[in-house]
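Heads up, the thing below is written out as structure tokens.
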Amino acid sequence: MSDDHVPGDETGMPGVASNRSVPGGFVLPLPGAADDPEPTPDEGTDAAAAADPWSSAWDDASWSETESAEVTAEPQPEPEPELDPEPAGWTPATSPRRSTRGSAPSSTSSTSSTSSTSDTPETAADEPTPEAASERTEAQTRTEAGTRSGARAGGGSPASVRPSADTLMAARSTGERRRTKATTGWRKALGLGPGAAERLERERLDRIGRPLQGRKTVMVINTKGGGGKTLVTLLLANYLGRYRSGSVLAWDNNETEGTLGMRAPSQPHHRTVVDLLGALPTITDDPHVGTSELEHWVREQRGLSFDVLASADDDEAMRIIGEDEFENLHTQLSRFYRMIVIDTGNNRLAPNWLAAAARADLLVFATSLKDDTSVVAAKNLDALVSMGREDLVRNAVCVISHTAARGVDLGAGVHTREHFEQWVRQVVDIPYDPALAPGLHLDPSKIDRRTHDACLELTAAVVDGL
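Numbering (the UniProt record's numbering), first residue to last: 1 to 466.
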């Protein structure tokens, strides 16, 4: 036997020195009875086996049972620090942490925890399972609108985070605003967005349809005949009625025989404003009178969403409408119409002309490129300023109607525009259109595309000032 053998050291192999050190100071983890403390009797067999895993006291059955318990043990959530008492039944949704296999005490603890769980079902029912913890976490992090999986997991969220009817309305409104597909032409066929022309038309329609407060009266003026007052009145009433859901009246307030009723497309009867004035006491005294009763005096423009109140064919009959008569008519008609467009005569000193100017919410100057027409329109502007109605003039719109394919005097057109641009809020040009020739019934379905665009801009400019 070698001299290195130490008597009494029998922990190694017989005849071999028990040297567990290697160069560098590393000590091999060989089992040795001298290195490990003896287990006490109250620690039990399991503690002794854990202290010496290579001991022959371990049999195959106990090893298999321990490893099986470690693998199949359900991970348990890590205990939370001691906080304020929570309501009964509340359990924090924490992420369970799995124990490592390299630690024997952890395995023993896991095994005993599993055994304890199976022995006490009441305690196990209170402990959250990994599936429940995951579902609670998902329910807590879902969005305000909610998801179906979150609803199933959490069993419903508080009412404060559920979508309301206002949420649905806002979403639908956003969807409408984001609908940018073209609605006409080849861009619609290809599924493209609207072009510049369609975007401009949509913007004009939005301006026309914006909400207004109260009843509004628009007065179209030019004391020179042939300036396009009647044409502008019919076009404006037509576009206001079409894109503002009706309730629009075009009123011929000419102190003599006007032509508004003659140029209107529909002629269901021939009663005029003088007939309505005679029936006014009955309408005033009856609070239940509606628009259906007015059909006997106004001329409904079928399919165009506006009505026409024509002037009498007799000049003498029209002279009976003075300032008081206009006031009574306007008061009663305002009960049934939200927008009234008034076509005026050629005498700015007439009582009904002055009464209309006092009631007007907005002025529209109608003129053409002819020198005499534009000069008279400018004189009407000066007269209103001297009457103290400069506020109406500053907010007015000027409409220049082109009555020929080529301008009669291009220089006059430039000067007319420059003059009114220094006074009024906006100037709009109505291009020449054979469908708008004097003496013809107005048929909006036959006007040119350029005329349609100009009428949209005119109507939008008028609504902008109301």
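Where a beta carbon is used, it is the ideal one built from N, C-alpha and C, also for glycine.
Could you check which residue in T230, V308, A264, L280 has the C-alpha nearest to that of I321?
-> L280
Using the beta-carbon count (16 or more within 10 Å), is V463 buried or exposed?
-> buried
With C-beta atoms as the reference, is L276 less than 7 Å away from W297?
-> yes
Through-space distance from H452 to A360, alpha-carbon basis = 26 Å
Same chain only: Cβ atoms within 6 Å of V341, ignoring 5 sequence neighbours per side = V218, T233, L236, A237, A250
Buried or exposed for W353, please, with buried defined as at least 16 other CB atoms from any protein chain shown within 10 angstroms of its CB.
-> buried
Distance, Cα to Cα, A49 vs R162?
-> Reliability fails at A49, whose pLDDT of 47 lies under 50, so the model's placement of it is uncertain and the value that follows must be treated cautiously. A49 and R162 have their C-alpha atoms some 58 Å from each other.
Identify every run of the alpha helix (DSSP H) within the region 166-204, keeping only runs that are complete inside it and at least 4 residues long; order them along the chain.
-> 185-189
Outcome for E390 when other beta-carbon atoms lying within 10 angstroms are tallied against a minimum of 16 = exposed
W423 to R394 span [Cα, whole Å] | Rounded to whole angstroms, W423 and R394 show a C-alpha spacing of 6 Å.
Grab the span of the beta strand (DSSP E) containing K229 for me, first residue to last.
-> Element bounds for K229: not the beta strand (DSSP E) but the alpha helix (DSSP H), 229-243.
Report the option in L362, G227, T167, P211 whose CA atom is closest to the CA atom of P425.
-> As written in the sequence, residue 425 is Arg, which differs from the Pro given in the question. Among L362, G227, T167, P211, the Cα nearest to that of R425 is on L362.
Spatial neighbours of E257 in its chain, beta-carbon cut-off 8 Å, leaving aside the 5 residues before and after = S311, A312, D313, D314, D315, M318
Residue interval of the beta strand (DSSP E) (run including L249) = Counting along the chain, the beta strand (DSSP E) containing L249 begins and ends at 248-253.
Hey, how far is the Cα of E457 from the Cα of N346?
-> 26 Å
Terminal residues of the beta strand (DSSP E) in which F365 lies | 362-368
Ordered along the chain, which non-local residues of its own chain (more than five positions away) have a Cβ less than 8 Å from that of L212?
-> Spatial neighbours of L212 in its own chain (CB-CB distance under 8 Å, excluding positions within 5 residues in sequence) are listed in chain order as R338, V463, L466.
How is the alpha helix (DSSP H) around M387 delimited, first residue to last?
-> No alpha helix (DSSP H) holds M387; DSSP gives it neither H nor E.
Hey, could you find the ends of the alpha helix (DSSP H) F326 is sitting in?
-> 323-333
Under a CB-based cut-off of 7 Å, is A197 close to chain C?
-> Absent from the structure is chain C; it holds one protein chain and no more.
Relative to the alpha-carbon of P438, which residue among A355, H402, A460 has its alpha-carbon at the smallest distance?
-> H402
Proximity below 7 Å, CB of P265 to CB of H415 = Result no, Cβ atoms of P265 and H415 do not sit closer than 7 Å.
Pick out the complete beta strand (DSSP E) segments inside the region 403-457, 3 residues or longer, and give them in chain order.
-> 426-430
Does the Cβ-Cβ distance between A383 and N222 come in under 7 Å?
-> no
Below 6 Å CB to CB, which residues in the same chain sit around K446 once its five sequence neighbours on both sides are set aside?
-> For K446, the CB contacts under 6 Å within the same chain, skipping 5 residues up- and downstream, are A435 in chain order.
By how many angstroms is the C-alpha of K181 removed from the C-alpha of K188?
-> In this structure, the straight-line span from the alpha carbon of K188 to that of K181 is close to 7 Å.
Since E300 is in the beta strand (DSSP E), which residue starts that stretch and which ends it?
-> 299-301
Tell me whether Q301 is buried or exposed, calling it buried when 16 or more other Cβ atoms sit within 10 Å of its Cβ.
-> buried
Mind checking which residues open and close the alpha helix (DSSP H) that includes S292?
-> 291-294
Buried or exposed for L168, please, with buried defined as at least 16 other CB atoms from any protein chain shown within 10 angstroms of its CB.
-> With fewer than 16 other beta carbons inside 10 angstroms of its own, L168 counts as exposed.
Please state whether DSSP places S374 in a helix, a strand or coil.
-> Looking at S374 - three-state DSSP - the assignment turns out to be helix.
For V428, which residues of its own chain have a beta-carbon under 8 Å away from its beta-carbon, when the five flanking residues on both sides are left out?
-> V397, C398, V399, I400, A454, E457, L458, A461
Beta-carbon contacts of R215 that lie in its chain and below 6 Å, excluding the five residues immediately before and after | S334, R338
Could you tell me the distance, in whole angstroms, from the CA atom of A356 to the CA atom of A196?
-> 39 Å
Identity of the residue in E295, D166, R204, R172 nearest R271 by Cα | Residue E295 is the option with its Cα nearest to R271.
Best match in N328, A171, R417, K229 for proximity to I283 [C-alpha to C-alpha] | Answer by Cα proximity: N328.
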